[in-house]
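> Sharing a structure below in structure tokens format, with a few things to ask.
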Amino acid sequence: MSFKFKERWLDRALHRHHYEAFVVFLIMLALMGMVWSLYGRSSEAANRTVCRSHLRHLVQALQLYAQDYGDRYPPKTRWVRLVSAYTDDLNVFFCPSDTRPRPRRERVERTVSYWYLRPASAETETTTAVFGDVIYSNWVGNHEDGGNVAYLDGHVVWYSAAQWQERRLPVEQLLGRKRR
């Protein structure tokens, strides 16, 4: 009789042990989810900062180009090839949040992560937007909730999708391209 009592007690103890392990597992899973979401936010913030740095670098390269060519800016069709001569790294043409594969040097022009608006001349207003993140017609772009815009005087500003729309900044159409 005492043998059966010990078996029942052992079964209950093992059951309780499994239940406690399950609860600990759920708590750890919840904590991992919180840490993962914080990591995702911080990595996107870092990507925005790197993107901002790339845009500043592109504005500097554009200004160097204009100095060499009598205060004229490159045409919109060949700006990547012409401005790349003033940069030492082709990665500045790509946003770190852009998930598309990086092309070889000869195909960079087709897949850059930024748009370019040609200023009329060097005397134009310094608050003229010249570079920015690519935003698609469904308001998804390099960064899902907005994008960076670089101005001719070198400052870069973050705009949400609503601000982007208000300022009528360039929006590309999705041409069958899969995004995220």
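So the sequence shown is numbered by the working numbering: it starts at 8 and just counts up by one.
We put the CB at the ideal spot given by N, CA and C, even for glycine.
Source: prediction; values computed, not measured.
#1: S60 by DSSP, collapsed to three states: which one?
#2: Tell me the DSSP secondary structure of E173 in three-state form.
#3: Which one of Y123, V163 and C58 has the shortest CA to CA distance from D105?
#4: Taking the alpha-carbon positions, what's the F100 to V31 distance?
#5: Nearest by alpha-carbon distance to W124: which of P108, R109 and V141 is it?
#6: Exposed or buried, which one is Y80 when buried takes at least 16 other CB atoms within 10 Å?
#7: Do the region 64-74 and the region 29-43 meet, that is, are 3 or more Cβ pairs less than 8 Å apart?
#8: State the Cα-Cα distance for the pair V164 and A37, rounded to the nearest angstrom.
On the basis of the supplied data:
#1: Walking along the sequence shown from the start, residue 60 turns up at place 53. If DSSP states are grouped into helix, strand and coil, S60 belongs with the helices.
#2: Taking the first residue of the sequence shown as position 1, residue 173 is located at position 166. Helix.
#3: In the sequence shown, residue 105 corresponds to position 98, counting from 1. When each option's Cα is compared against that of D105, the closest is C58.
#4: The residue given as residue 100 occupies position 93 in the sequence shown. The residue given as residue 31 occupies position 24 in the sequence shown. About 47 Å.
#5: Within the sequence shown, the letter at position 117 stands for residue 124. Strictly speaking, residue 124 in this sequence is Leu, with Trp absent from that position. Nearest Cα to L124 within the set P108, R109 and V141: V141.
#6: Reading the sequence shown from its first residue, position 73 is the one you call residue 80. It is buried - the Cβ of Y80 has at least 16 other Cβ atoms within 10 Å.
#7: no
#8: The count along the sequence shown starts at 1 and reaches residue 164 at position 157. The count along the sequence shown starts at 1 and reaches residue 37 at position 30. Approximately 36 Å between the Cα atoms of the pair.
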